[in-house]
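Shown next, in C-alpha cells, is the structure this report addresses.
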Ligand code: 5GP
Ligand code: ZN
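Numbering (my numbering), first residue to last: 17 to 131.
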C-alpha cells in the first residue's frame, strides 16, 4: 500500500522514534508546530478517525495509554494537546490515522488549531 506512515512503520522511510510496541509507533513530527510535537500511530493501517469501528477501537485506547505514559516520562506536567485531523476540512494530509501530541508552550485555541 502506498502509505507514508506504513512506510515509516516498516522502516522504508526514516523517522526519529519516540516509542514503539507491538501495536503502535510514535515519532517526532518532521515539521513541528511547538517545542514538543510527536505523532502516535497504530501499526495497523486505519485511514482516519472516521475508520474507527468496534473491531479496531481498542488501539485508540492503547494509544491514549501510551500518550499518558510518554507525557509523564517527558515531564509534560504543564500540559499538552492531542489532535487528530480527520478529512479535508480538518486538513488531514496523511491518510493513516495519527494523533499529534503538542506541548512545550502556551497553546492558543481557534478553529485553525494548534497555535
Ligand atoms: P495531518 O496534517 O495529516 O494531521 O498531519 C500530518 C503530519 O505528518 C504533519 O504534521 C507533517 O509535518 C507530518 N509529516 C509528513 N510527512 C512526514 C514525514 O515524512 N516524517 C515525519 N516525521 N512527519 C511527517
Ligand atoms: Zn498506512
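For every residue, glycine included, the Cβ atom is placed at its ideal position computed from N, Cα and C.
Residue range of the alpha helix (DSSP H) that residue i falls in?
| i | result |
| --- | --- |
| residue 46 | Unbroken run through residue 46: none, as it is neither H nor E. |
| residue 78 | 74-89 |
| residue 24 | 20-25 |
With DSSP collapsed to three states, give me the class of residue i.
| i | result |
| --- | --- |
| residue 33 | strand |
| residue 106 | coil |
Alpha carbons only, please: which of the options is nearest the one belonging to residue i?
| i | options | result |
| --- | --- | --- |
| residue 81 | 19, 112, 56 | 56 |
| residue 117 | 111, 70, 85 | 85 |
| residue 79 | 69, 59, 89 | 59 |
| residue 91 | 52, 44, 66, 124 | 52 |
| residue 98 | 31, 83, 19 | 83 |
| residue 95 | 102, 70, 115, 122 | 122 |
| residue 88 | 119, 27, 102, 44 | 119 |
Would you call residue i buried or exposed, if buried means 16 or more other Cβ atoms sit within 10 Å of its Cβ?
| i | result |
| --- | --- |
| residue 48 | exposed |
| residue 62 | buried |
| residue 113 | buried |
| residue 66 | exposed |
Along the beta strand (DSSP E) that carries residue i, what are the first and last residues, could you check?
| i | result |
| --- | --- |
| residue 55 | 52-58 |
| residue 113 | That residue, residue 113, is in no beta strand (DSSP E); it is neither H nor E in DSSP. |
### Task
Kindly confirm or deny that the region 102-113 and the region 26-42 touch, where touching means at least three C-beta pairs closer than 8 Å.
Touching, no, given that fewer than three Cβ pairs across the two stretches are closer than 8 Å.
### Query
Pairing CB atoms from the region 22-34 with CB atoms from the region 69-81, are three or more of them under 8 Å?
By the Cβ test, the region 22-34 is not in contact with the region 69-81, since fewer than three Cβ pairs between them sit closer than 8 Å.
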